Amino acid sequence: MSRSYHLLLSAAVAGLLAACSSTPPSIEDLEVARAVVPQVEASPRAGVAATNVSDARKALDRANKLADEGAKVEDIQYEAQVAARNAQIANEKILTAQAQDEIQKGNAERTAVLAEAREAEARRHAQEARAAEQRASTLEQELSDMRAKKTDRGMVLTLGDVLFDTGKATLKPGAYNSIDRLASVLKEAPDRKVVIEGHTDSVGSDELNQALSERRAAAVQTALLERGVSADQITAVGKGKSFPIASNDTAAGRQQNRRVEMIFSDNRSRVASDVQ
Amino acid sequence: MTTANFRAGLPILGVLTAGVLVGCSSVSEVTRERVARSEQSYQQAQQSVGRSEAGALELQRSRDNLEQARAAMDKGEAQQAERFAQLAELDAQLAVSKSQSASARKAADELTASIQQLRQEAARGSSASPEQQQ
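If you read the sequences in order, they're chains A and B.
According to the numbering used here, the first sequence holds residues 4 to 279 in order.
According to the numbering used here, the second sequence holds residues 727 to 860 in order.
Take a look at the structure:
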């Protein structure tokens with residue numbers, strides 16, 4: 004009853020003041036302000052826009068008071084608009100602060116991810132190095148299994164006379180097992196090199212012995228190449244009778260002297276080809 | 727520019743209107759200063775917002791309110807002029823804070839995306855290494 008009276012009065016006043024005001028009455032602004040002001044007040048980051056939040060609250064309180072008193076709609080509307088605008092400004096400032104927080108955390112995270120990637124890269128390199136080491140030590144292991152001797156020239160594996168026919172350079176089938184194993188470890192370690200040396204006893208002419216030692220070394224080389232070992236890993240030389248390892252006076256000694264030696268570079272870097 | 731013509735025409739129109747509307751109070755120096763301050767804020771906001779989409783609407787509203795403030799001032803309506811000036815001021819501030827928050831958000835999102843990309847690259851790198859070893 005008194006409400007409609009107020010409305011009538013307001014309309015009358017508004018009519019009287021028509022010359023000075025033109026804004027149509029709307030209470031929507033107050034509803035908006037009542038909704039948004041508590042929202043920014045409740046934000047944990049409200050501190051970044053303290054002045055706007057406080058201005059919004061004061062204006063909303065004034066708007067509510069005016070509404071309670073049944074003041075002119077345009078007065079209520081004005082205060083409500085001031086409240087809502089301040090709340091919106093506060094909201095944008097809060098959003099900005101949140102985005103800046105994210106940027107700060109993101110920069111730290113980015114640094115961490117980059118460091119992580121670098122570490123992973125280093126781990127990969129270490130792993131590859133270990134794998135290479137592993138391959139190298141596989142060769143070492145295989146050679147020692149085959150009774151190769153560690154000498155200052157590198158690992159030396161001796162293929163005995165029994166693996167060749169007498170006076171011939173043809174490998175007997177009994178040698179194939181050793182050749183197969185050597186071929187497979189050499190392929191596993193492509194950075195390792197081997198020098199194949201043929202040796203003979205002192206029986207017969209120098210020329211004959213030299214030629215035989217060269218052909219025996221070449222026979223082993225060919226067998227390895229046939230099994231897929233890279234040519235640049237192998238060098239074959241004939242040494243003749245000049246480097247006996249036992250006395251040529253006994254049959255047993257002469258048999259020991261008829262041999263093929265395979266000298267493996269002891270590291271991937273050094274090539275032990277400069278043997279005598 | 728129509729705006730310039732409009733602005734130049736306003737004071738003349740205002741004086742005429744003020745003369746006609748004797749019933750309304752005349753405008754004090756304080757009111758004029760407030761309107762001038764809002765105009766400054768509007769111009770600063772205009773520069774700050776630039777061509778950014780965020781804040782463009784509020785900038786336009788600030789300008790509308792500023793024109794209403796000038797019109798009210800010219801009519802001698804002090805309270806109306808001050809209210810519109812205040813709203814123009816708040817809209818200018820809102821336009822600036824909106825464009826600032828939009829660019830901060832954009833920067834944050836771009837950073838998040840770049841981190842995600844880095845992570846993916848790192849994951850690809852570590853999954854590629856076992857294959858390399860085989």
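The C-beta atom is built at its ideal place from N, Cα and C for all residues, glycine as well.
All values reported here derive from a predicted model rather than from experimental measurement.
Could you tell me whether the Cβ of V748 (chain B) comes closer than 8 angstroms to any Cβ of chain A? Residue placement at V748 (chain B) is flagged as unreliable, the pLDDT there being 44, under the threshold of 50; the coordinate-derived value follows with that caveat. The C-beta of V748 (chain B) comes no closer than 8 angstroms to any C-beta of chain A.
Alpha carbon to alpha carbon, what distance is there between A118 (chain A) and K242 (chain A)? Taken atom to atom, the span from the alpha-carbon of K242 (chain A) to that of A118 (chain A) is near 57 angstroms.
Nearest-angstrom beta carbon gap, S767 (chain B) and E815 (chain B) [assumed within contact, 8 angstroms]: At roughly 5 angstroms, the Cβ-Cβ gap stays under 8 angstroms, so E815 (chain B) and S767 (chain B) are in contact.
Looking at E31 (chain A): is its Cβ nearer than 8 angstroms to the Cβ of A62 (chain A)? No, they are not a contact pair.
Kindly give me the distance between the Cβ atoms of A90 (chain A) and V43 (chain A), rounded to whole angstroms, as I take these residues to be in contact under 8 angstroms. Rounded, the Cβ-Cβ distance is 5 angstroms, consistent with contact.
Consult DSSP for G329 (chain A) and reduce its assignment to one of helix, strand or coil. With chain A covering only 4 through 279, there is no way to say anything about residue 329 (chain A).
Mind checking whether L162 (chain A) and R195 (chain A) have CB atoms under 8 angstroms apart? Going by C-beta atoms, L162 (chain A) is not nearer than 8 angstroms to R195 (chain A).
With a threshold of 7 angstroms on Cβ separation, who are the neighbours of N791 (chain B) within its own chain once the five nearest residues in sequence on each side are excluded? Here N791 (chain B) has F810, L813, A814, D817 as same chain residues with Cβ atoms under 7 angstroms from its own Cβ, once five neighbours each way along the sequence are excluded.
Could you name the residues of chain A that T838 (chain B) contacts, counting a contact when the two beta carbons are closer than 8 angstroms? Near T838 (chain B) (Cβ distances below 8 angstroms), the residues of chain A are E105, G109.
Is the CB of S823 (chain B) under 8 angstroms away from at least one CB in chain A? S823 (chain B) counts as touching chain A.
Output yes or no for whether 8 angstroms exceeds the beta carbon distance between R184 (chain A) and E145 (chain A). A contact, by the Cβ cut-off of 8 angstroms.
What span of residues does the alpha helix (DSSP H) with I92 (chain A) cover, start to end? Per DSSP, I92 (chain A) belongs to the alpha helix (DSSP H) from 76 to 148.
Between which two residues does the beta strand (DSSP E) containing G802 (chain B) stretch? DSSP places G802 (chain B) outside any beta strand (DSSP E), giving it a letter other than H or E.
Distance, Cα to Cα, K153 (chain A) vs A120 (chain A)? Those two C-alpha atoms are separated by around 42 angstroms.
Could you tell me whether the Cβ of K96 (chain A) comes closer than 8 angstroms to any Cβ of chain B? Among the residues facing chain B, K96 (chain A) is included, as its CB has a counterpart in that chain under 8 angstroms away.
Measuring alpha carbon to alpha carbon, tell me which residue in A:A234, A:L189, A:E77 is nearest A221 (chain A). Cα-wise, what sits closest to A221 (chain A) is A:A234.
Considering only residues of the same chain and omitting the five flanking positions on each side of V748 (chain B), which have a CB-CB separation below 6 angstroms? Only weak support is given to the placement of V748 (chain B): the predicted model assigns it a pLDDT of 44, under 50, and the value that follows is read from those uncertain coordinates. Same-chain partners within the cutoff: there are none.
Where K153 (chain A) sits in the DSSP three-state scheme: The three-state reading of DSSP puts K153 (chain A) in strand, counting E and B together.
Partners in chain A for A725 (chain B), counting only beta-carbon separations shorter than 8 angstroms: For chain B, the structure presents residues 727 to 860; residue 725 (chain B) sits outside this window and is missing.
Residue burial classification, N180 (chain A) (beta-carbon count within 10 angstroms, cutoff 16): Looking at its Cβ environment, which holds fewer than 16 other Cβ atoms inside 10 Å, N180 (chain A) is exposed.
Consider the C-beta atom of R257 (chain A) and the heavy atoms of the ligand FMN; say whether any pair is separated by less than 7 angstroms. Summarising the ligand content, the structure contains no ligands, and the ligand FMN is consequently not present.
From the DSSP output, in three-state form, read off G73 (chain A) for me. Correct three-state label for G73 (chain A): coil.
Can you give me the C-alpha to C-alpha distance between L837 (chain B) and A66 (chain A), rounded to a whole angstrom? Those two C-alpha atoms are separated by around 42 angstroms.
So I30 (chain A) is in the beta strand (DSSP E); what residue range does that whole segment cover? No beta strand (DSSP E) contains I30 (chain A), which DSSP labels as neither H nor E.
Over what stretch of residues does the alpha helix (DSSP H) that includes A255 (chain A) continue unbroken? Here the alpha helix (DSSP H) through A255 (chain A) covers 254 to 260.
Under the three-state reduction of DSSP, which class applies to A214 (chain A): helix, strand or coil? Reduced to three states, the DSSP call for A214 (chain A) is helix.
DSSP three-state label for T54 (chain A), please. Helix.
When the Cβ atoms of the stretch 821 to 841 of chain B are set against those of the stretch 798 to 809 of chain B, are three or more pairs found closer than 8 angstroms? Touching, no.
Using a Cβ-Cβ distance cut-off of 8 angstroms, determine whether D817 (chain B) contacts chain A. Yes, its Cβ sits closer than 8 angstroms to a Cβ of chain A.
Exposed or buried, which one is H202 (chain A) when buried takes at least 16 other CB atoms within 10 Å? By the neighbour-count criterion, in which 16 or more other beta carbons inside 10 Å mark a residue as buried, H202 (chain A) falls on the buried side.
So within the stretch 169 to 229 of chain A, which uninterrupted beta strand (DSSP E) runs reach at least 3 residues, ignoring any that extend past its ends? With a minimum length of 3 residues, the unbroken runs of beta strand (DSSP E) contained wholly in the stretch 169 to 229 of chain A fall at 197 to 202.
For the beta strand (DSSP E) holding A771 (chain B), just list the boundary residues, first then last. Counting along the chain, A771 (chain B) sits inside no beta strand (DSSP E); it lies in the alpha helix (DSSP H) bounded by residues 755 to 775.
Per the DSSP calculation, F267 (chain A) is bridged to which residue(s)? F267 (chain A) is bridged to A:M158, A:V197.
What would DSSP say about A239 (chain A), mapped onto helix, strand or coil? Looking at A239 (chain A) - three-state DSSP - the assignment turns out to be strand.
Under the three-state DSSP convention, the category I841 (chain B) falls into: Three-state DSSP puts I841 (chain B) in a helix.
Could you tell me which chain A residues have their CB closer than 8 angstroms to the CB of L710 (chain B), listed as they occur along the chain? Here chain B covers residues 727 to 860 and nothing more, so residue 710 (chain B) does not appear.
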